[in-house]
Structure formats: C-alpha cells, structure tokens
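Chemist:
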Amino acid sequence: MNYQEKITGALDDPKLQLAIYTATGRLAEGRRKAVVADVLPDYQELRQHAHDIKKHTLDHLDSYLVEFERNVVARGGQVIWANDATEACDFVRNLVRERAAKLVVKSKSMTTEEIHLNHRLESDGVEVVETDLGEYIIQLAGETPYHIIAPALHKTREQVAAVLDSPLDSTAEELTAKARAALRKKFLEADIGITGANFLVADSGAIVLVENEGNARLSSAAPRIHIAVAGIEKVIPRAQDLAVFLKLLARSATGQPLSVYTSLLAGPRREGEPDGPDEFYLLLLDNGRTRVLADREKRQSLYCIRCGACLNHCPVYRKIGGYSYPWVYSGPIGKILTPQFMGIEQDPWLPFASSLCGACGEVCPVKIDLPKILLDLRAEVVARRKNRSELRAFRIFSWIMRHPRAYARMGQLARIAARTAPGAAKMFGPLNAWLSQRDLPAMPERSFRELWRDRKSGDPAGKSGNKS
Amino acid sequence: MTARDQMLMRVRGALGRSPNHPPPEPPPVRLQIPPTQLAERVGQFSSALTALGGTVIVAENLAAAKKALTSLVNGRTFVASSAPILKELFEKSDERISQAGDSPATFSRGACAAAEIGVSSAEFALADTGSLVFLSESRESRLISLLPPVHIAVIARKKILSGLDELFTLVPQPAAQSSAMALITGPSRTADIEMRLVRGVHGPGEIHVIIVEDVTTSQGDASGET
C-alpha cells in the first residue's frame, strides 16, 4: 500500500478518526494544564536550558560518549558500540545464544523498533514478549506502535478484548488485569530483560528509564541479565541535569508532573544489594545518527526526548494517524527524522505533509525548530527535482508581476476564460485534484484597476467602460 | 577497526573535532530550592499523592505508625524491607501486625511475588510531586515496591524534601550510592486502552504512605545506621 492509500484509508475510517482526535486532544490538554504559568512558572526557562544542554552535549558528543562508557565500565557494566541495526541485533542474538536464553521480556523502546530486534530474535526461535500494555496488545495483533507514547491508541476496547481473547464487553480494568497476570509469569521466568533508555548520564555511567506501568522497572530488575538499547544522542552530561529534563518530559507527554516510575540504573546489582540484574549491557546505536549530526543546521533534530507532544498538536498527524508515515517515528518529528536517517529521496513528500502552522515547534520541550527544519528539507527536495515546471511557472509569474501591462492583459484573458468555460480549470493541469472538491470564485465583470481608473476620471458607474 | 573506533571517528568527523580535546564547561546546573517549611511540605506531599490515588497517614510517633500499619495490613500477608525505621517499628510493642507474624523481613523473590503487600521505607519523599525516592542499598529491595499489589511506605517526616531540585542538590551522584535509584510517583497506571486510566498494571495499584512525625531514635536519619 502506498502512502496515499494509507492516508485515504485513515481519513475514511470514522472510528479511527474519533480515536485519534480524542486521544491526542486529551494528551494535548493534559500538557497545557501542566505547563501553565501558575503550575510551572519557569517553563520557558526550563525549555531553553534543556535546549542549551542538548546543544552543548551534541556539539561535543565524542567526549561525552567516552566519559559515559568509562563510567558504565567503572560500575561493572559493558558498553557495546553498534554502527547499524545488524550489528546491534547480532550482539543481542549472540548473547542470547551464549546464555542459552529462551525468554526475553521487553519494555517499550522506539530504538528497538527501529532495528527490528523482536523480528530477528523470533527468527532465532526466542520468545520475545513486549510488556508495556499497549505494546503487548499490538504485538499480539501483529502490528507496530501507532504513537510514540500511546502505541495502541488506534484500538477500541472491543478490538483489544478480541486480541486478548476476552469477552467483547470486558472493561478496561478486566483487560488490564488479564494482561497483568499473563505478563507477571513472563517477568519471573525471563532470562533477559531488554529496555530502551530515556537518558544516558555521562558523569554517572547510568541510564534513566521513565514509565508509568512498572514494566521497565520489572524488565530491568527481575531477569538475571539487563540489556539497554539507546541511540548515541541520548547522552546528557550530569545527573543533576535530570532536574531540568524530568520536569519537562512527563508534562509534555501526558501532563503528569512526573511519570510514575523514574529509574536511574548504573551497572548490575552491587555487593549487598538484595536484587537487580547480575549482568548489565548498554548498546550504543548509530544507525544514521552521525549523518544527522554532520549537518550543523539540522543537528538539533537529535535533541528530541520522544515526548510525543508534536504529534498531539499536529493537525496533519491528527487526521492521517500514525500508520501513514513511512518509518517508526511519526508526526512532525518523524517528518524531520525519517528523511535525514533514510535519505530524502526515499519519501520526498514527507516535509510537505505539513501546514507549517508551527504548533510542533511551539510545544517542543527542547525547542527544536521543527518548522524551520521542515522548510530546509523542502528546499533540499526542490533542489533535487528533475521536473522544473513549478520553477518555470513561478518565473513567468514573477515576470508578469513586474510588468503592469502584461498583468492587466492576463487578468482580462482569465476573466474571459472563466466566463466562457467555467469548468476548464478542473479538466487539466496540476490543480485538478484541488478543484475536484472546490469551485473557483466567480470572476468580477471588471477589474479593480478598471474601477480605479474610472473613478479617477469621474465616472464611478463606469458607463464609459461598459463595452469592455 | 572496531565499531567503537568507527563510530567515534564518524562523530568527530561530523563535529569537526579531534580526539583528546575536552569540551568546555556545560551550561551551569539549574537547581532552585524553594524555601518551604516542613509542615507545608507534609501538606503538599499529601495533596499531591492523594490526587494520584494514593493515601497518606500522618502518625505522631512510631507506636501510632504501627497501629496505622496494622490496620492497613489487616491480616494480609506482607514482605517488609530491613529499613531501620521498620525494624524499630516492629519491635515497638508486643502487638503483632498480622497473623503471619512480624518478621517477614527475610527477603526473597518468591516471597515478594506471593505477598499481598510490600512494606518499605524510602530514602526521601518529594513534596511537590508526591514521589517516594528509593536508593537500592542493602535495606531496600527493588521488588518489594514492585511485585505486591499493595505498597506501604513508612517514612520520617524530616525526609520530605521540597522537590527534584533539592533531591539532586543533596544527592548529586545517585549512582555513587546505589546501582538503582527509583522515584515512585503514585500507583502504577496505564491509559493504553481507549485512554481510560487504570491503576495497578505491573506495579502496585495501591500506595499508602505513613509519615512519622516524631522518630525518637537515630534510625530516622537519612544516613541512619543500626
């Protein structure tokens, strides 16, 4: 299915439209209430500070990666560097084989979606269980996440009940309880837990996991081995910087002042600690990130902390939904990440699927200038175009606008054409898709210039100009 | 060349940087502690946690805390951590907290998975968000506050901090103290099915905090030793 069919499919599905509209609307409203001045008076300063920290860290990323690695090792963990998805998956597959692991529990991670880790492990005969409720539902349904923070946003309660093999009139509570019971067994039996990471803290050698359900805590604490997978852009310099980022992340995502569980994990369990994993591995993934890093202007795309606020505020995402985008990252952030990671020639339409309303940039907690990057990407697409008809059309337009006589002449011709053959514009040319749903406004009998000339010559009724 | 060398080379190439070139100072740390009184913090903490669906009981002393704990446990099975404040509380009087006995502190994964209630203390609490802060040292297990469907925490009043900024001022390097710091803000929750709020997905669906105003022994200290 191409993207146009997917988009049309989403637009033609009233249930889906209502689900997207309600969910994103509620998340956006939650955010609005959580960042207003009486609740968070220094919200704008926090955004700027978060932006500045991300900028500083990414501008000196090599140093922070090395510092982070040194501290993870000092805490008894291991850092694995992976150039691409294959290298990342191969490390996990080898470890699974070496430890003879049969069951892997996973907590939600967009980065592991990016490298199709589940698929690779499953093809080796390993059971991989997603444990975030929304991810569990879509894994059972054989689908992919619909939204960065609400993966099963598009599913109705009846659909979830069918997936969980429950009576169709089950309540959300009953369905959650059923999933809890099934997943509890998996947590206690699992050999390996795999998580993502919201932040990598350089001065601590620690990862930070932010979540509401407790599945990331369980995935990292219950199994004997914990593997965390993170992109290289997730580093921040100091644990103390978390005071800034944690205040922004949950507020922007769901409107909570803090998510229910925030875990800062540094290496395996230590001497004397009652529980925690015996082995800890951190997989650092490039997979295209250094390419984005190389572009000084668009480098800020990597500041993203994956809160999903830009999706919830995007008039395009709110109509076409999460499956209309070609890669794992959807919405405005997907529109700027996908072309930079995959190459702009893959889906050149993406940066144009925007009204440039600017809402995404306004709500971004780390102040990524998304509208500006969308424009830059558009310019790149246009510069690559072989078909220059649009450029030619604008050159002609420009010439006409600079020559008053030509302008008047073209106006006259257009009025005659519109009067004699009103439907002509619908039948040909690049405008026919637009005009299939709309009528051109009726042309006036006489142009403004003609009216102006007549008024100046003292003939406001225009009697002398009747013949035109 | 290893993947590590390749990646670092690409990063440096992208940034135009050379190895062994330390970065300048990062933007200054931004930690602002509001001046609040202890009494005010207790109120803030209570209303924040209550809004999230938790409950808060303020007990005058350890004996009152024990009474409150007994009535919350109400005869159900529980596991407890070996936090000093809990030891003190269990030894406070001859009354038994539940039929199962008062020394369930022997920790095991199986016990956590089977128990109806997990009882712990916490290193700190955060007033503005209603959070509990755990540093997984020998006394506090991760699973006690995670596996049982009900979580009860007993903390000394003076451990309530104003918020995140004060926490990171007091503990600038959590990883130096423990392999795991956890902030717990209310009961486990999800809204993954039709955006409907459901509590108790994987972690506890119920959370109760007993704040002890007067801990007459030294065990109430953040660094308290027994």
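From first to last, the protein sequence lines are chains A and B.
For the first sequence, position 421 (counting from the first letter as 1) is numbered 421 according to my numbering, and the numbering increases by one without interruption.
To convert a position in the second sequence, counted from 1, into my numbering, add 468.
Using N, Cα and C, we set each Cβ at its ideal position, and we do this for glycine too.
Every value quoted in this text rests on a predicted model; they were computed, and no experiment measured them.
1) With hydrogens ignored, establish whether the beta-carbon of residue 368 (chain A) is closer than 6 Å to any heavy atom of the ligand GTP.
2) Below 8 Å on C-beta distance, what does residue 641 (chain B) contact in chain A?
3) Between the Cα of residue 540 (chain B) and the Cα atoms of B:656, B:660, B:620, B:641, which residue gives the shortest distance?
4) Do you know offhand how far residue 205 (chain A)'s Cα is from residue 654 (chain B)'s?
5) Can you list, in chain order, the residues of its chain with a C-beta nearer than 7 Å to that of residue 673 (chain B)? Leave out the 5 residues immediately preceding and following it.
6) Return the residues of the segment 241 to 260 of chain A that lie within a Cβ-Cβ distance of less than 8 Å from chain B, sorted by chain order.
7) What does the alpha-carbon distance come out to for the pair residue 645 (chain B) and residue 546 (chain B)?
8) Just to confirm my understanding: we take residue 402 (chain A), look at its own chain, exclude 5 residues before and 5 after, and list those with CB closer than 6 Å. What are they?
9) So is residue 547 (chain B) in contact with chain A if we call contact Cβ pairs under 7 Å?
10) Express the C-alpha separation of residue 193 (chain A) and residue 376 (chain A) in angstroms, rounding to a whole number.
11) Measuring CA to CA, which of B:637, B:682, B:622, B:660 is closest to residue 538 (chain B)?
12) Start and end of the beta strand (DSSP E) containing residue 344 (chain A)?
13) Would you list, in chain order, the members of the segment 75 to 105 of chain A that have their beta-carbon closer than 7 Å to a beta-carbon of chain B?
14) Could you have a look at residue 327 (chain A) and say whether DSSP puts it in helix, strand or coil?
15) Looking at residue 635 (chain B) and residue 589 (chain B), is the spacing between their C-beta atoms short of 7 Å?
16) Kindly list, in the order they appear in chain B, the residues whose Cβ is closer than 7 Å to that of residue 63 (chain A).
17) Based on Cα-Cα distance, which residue from A:213, A:164, A:179, A:242 lies nearest to residue 200 (chain A)?
18) To which residues of the same chain is residue 470 (chain B) closer than 8 Å at the C-beta, ignoring the five residues directly before and after it?
19) Would you list, in chain order, the members of the segment 108 to 127 of chain A that have their beta-carbon closer than 9 Å to a beta-carbon of chain B?
20) Please check the pair residue 107 (chain A) and residue 86 (chain A), which I expect to be a contact at CB under 8 Å, by giving their CB distance rounded to whole angstroms.
21) CB-CB under 8 Å to residue 506 (chain B), same chain, minus the five flanking residues each way: which ones, in chain order?
22) So residue 3 (chain A) is in the alpha helix (DSSP H); what residue range does that whole segment cover?
23) Does any residue of chain B have a CB that is nearer than 7 Å to the CB of residue 345 (chain A)?
24) Mind listing the chain B neighbours of residue 267 (chain A)? Cutoff is C-beta to C-beta under 9 Å, in chain order.
25) Do you know how far the Cα of residue 521 (chain B) is from the Cα of residue 372 (chain A)?
26) Using a Cβ-Cβ cut-off of less than 8 Å, give me the residues of the segment 647 to 668 of chain B that come near chain A, in sequence order.
27) Is the segment 53 to 68 of chain A close to the segment 231 to 239 of chain A, with three or more CB pairs under 8 Å?
28) If you measure from the beta carbon of residue 471 (chain B) to each beta carbon in chain A, is any gap under 7 Å?
29) Using alpha carbons as the reference points, say which of A:174, A:183, A:207, A:178 lies closest to residue 642 (chain B).
30) Using beta carbons (cut-off 7 Å, strictly below), is residue 53 (chain A) in contact with chain B?
31) List the DSSP bridge partners of residue 213 (chain A).
32) So for residue 554 (chain B), helix, strand or coil by DSSP?
33) How far does the alpha helix (DSSP H) with residue 578 (chain B) in it reach, from first residue to last?
34) Buried or exposed for residue 649 (chain B), please, with buried defined as at least 16 other CB atoms from any protein chain shown within 10 angstroms of its CB.
35) Under 7 Å, do residue 7 (chain A) and residue 495 (chain B) count as touching if we go by C-beta distance?
Modeler: Result, derived from the coordinates:
1) As for the ligand GTP, it is missing from this structure, which has no ligand bound.
2) Reading the second sequence from its first residue, position 173 is the one you call residue 641 (chain B). Listed along chain A are 203, 204, 239, each with a C-beta nearer than 8 Å to that of residue 641 (chain B).
3) By 1-based counting over the second sequence, the position of residue 540 (chain B) is 72. Checking every option, the nearest Cα to that of residue 540 (chain B) belongs to B:620.
4) Taking the first residue of the first sequence as 1, we reach residue 205 (chain A) at position 205. Taking the first residue of the second sequence as 1, we reach residue 654 (chain B) at position 186. Cα to Cα, residue 205 (chain A) sits roughly 27 Å from residue 654 (chain B).
5) Counting from one through the second sequence, the residue named residue 673 (chain B) turns up at place 205. Here the set comprises 617, 655, 656, 667.
6) 241, 242, 243, 244, 246, 247, 254, 256, 257, 258, 259, 260
7) Residue 645 (chain B) sits at position 177 when you count from the first residue of the second sequence. Residue 546 (chain B) sits at position 78 when you count from the first residue of the second sequence. Going from the Cα of residue 645 (chain B) to the Cα of residue 546 (chain B) covers about 27 Å.
8) Position 402 of the first sequence, counted from the first residue, corresponds to residue 402 (chain A). Once the five neighbours on either side are set aside, residue 402 (chain A) has no close Cβ partner at all.
9) Locating residue 547 (chain B) in the second sequence gives position 79, counting from the first residue. No, residue 547 (chain B) lies away from the interface with chain A (no Cβ there is under 7 Å from its Cβ).
10) Locating residue 376 (chain A) in the first sequence gives position 376, where the first residue counts as 1. Locating residue 193 (chain A) in the first sequence gives position 193, where the first residue counts as 1. Between residue 376 (chain A) and residue 193 (chain A), the C-alpha separation is close to 40 Å.
11) Here residue 538 (chain B) refers to the residue found at position 70 when the second sequence is read from its first residue. Just measuring C-alpha positions, the residue of B:637, B:682, B:622, B:660 sitting nearest residue 538 (chain B) is B:622.
12) In the first sequence, the residue the question calls residue 344 (chain A) occupies position 344. First-last for residue 344 (chain A): undefined, no H or E at that position.
13) Residues 75, 81, 82, 83, 87.
14) As a first step, residue 327 (chain A) is located in the first sequence; it is residue number 327 there, counting from the start. The answer is coil: DSSP assigns residue 327 (chain A) none of H, G, I, E or B.
15) For the purposes of this step, residue 589 (chain B) is identified with residue 121 of the second sequence, where counting begins at 1. For the purposes of this step, residue 635 (chain B) is identified with residue 167 of the second sequence, where counting begins at 1. In this structure, residue 635 (chain B) does not lie closer than 7 Å to residue 589 (chain B) by Cβ.
16) Looking up residue 63 (chain A) in the first sequence gives position 63. Contact note: residue 63 (chain A) reaches chain B through 490, 491, using a C-beta cutoff of 7 Å and chain order.
17) Locating residue 200 (chain A) in the first sequence gives position 200, counting from the first residue. Of the residues A:213, A:164, A:179, A:242, the one whose Cα lies closest to the Cα of residue 200 (chain A) is A:242.
18) Position 2 of the second sequence, counted from the start, is the residue given in the question as residue 470 (chain B). Hits under 8 Å: none found.
19) none
20) Residue mapping note: residue 107 (chain A) aligns to position 107 of the first sequence, counting from 1. Residue mapping note: residue 86 (chain A) aligns to position 86 of the first sequence, counting from 1. Contact between residue 107 (chain A) and residue 86 (chain A) does not hold, since their C-beta atoms are separated by about 23 Å, which reaches or exceeds 8 Å.
21) Numbered from 1 along the second sequence, position 38 holds the residue referred to as residue 506 (chain B). If we look at residue 506 (chain B) and ignore the five residues flanking it on each side, its Cβ neighbours are 625, 626, 628.
22) Sequence index remark: in the first sequence, residue 3 (chain A) carries index 3 (1-based). Note, residue 3 (chain A): alpha helix (DSSP H), 3 to 11.
23) In the first sequence, residue 345 (chain A) corresponds to position 345, counting from 1. So, not an interface residue.
24) Residue 267 (chain A) sits at position 267 when you count from the first residue of the first sequence. Under the 9 Å cutoff, chain B gives 643, 647.
25) Here the question's residue 372 (chain A) lines up with position 372 in the first sequence. Here the question's residue 521 (chain B) lines up with position 53 in the second sequence. Straight through space, the alpha carbons of residue 521 (chain B) and residue 372 (chain A) are spaced by roughly 42 Å.
26) 647, 648, 649, 650, 651, 652, 653, 654, 655, 656, 657, 658, 659, 660, 661, 662, 663, 664, 666, 668
27) yes
28) Here residue 471 (chain B) corresponds to residue number 3 of the second sequence, with the count starting at 1. Judged by the 7 Å Cβ criterion, residue 471 (chain B) is in contact with chain A.
29) What you label residue 642 (chain B) is simply residue 174 of the second sequence in a count that begins at 1. When only C-alpha atoms are compared, the closest one is A:207.
30) Looking up residue 53 (chain A) in the first sequence gives position 53. Residue contact with chain B for residue 53 (chain A): present (Cβ-Cβ distance below 7 Å to some residue of chain B).
31) For this step, residue 213 (chain A) is matched to residue 213 along the first sequence. DSSP lists no partner for residue 213 (chain A).
32) Walking along the second sequence from the start, residue 554 (chain B) turns up at place 86. Looking at residue 554 (chain B) - three-state DSSP - the assignment turns out to be helix.
33) Taking the first residue of the second sequence as 1, we reach residue 578 (chain B) at position 110. Residue 578 (chain B) -> alpha helix (DSSP H) spans 577 to 582.
34) Numbered from its first residue, the second sequence carries residue 649 (chain B) at position 181. When all chains shown are included, residue 649 (chain B) counts as buried.
35) Locating residue 7 (chain A) in the first sequence gives position 7, where the first residue counts as 1. Locating residue 495 (chain B) in the second sequence gives position 27, where the first residue counts as 1. No, the Cβ-Cβ distance between residue 7 (chain A) and residue 495 (chain B) is not below 7 Å.
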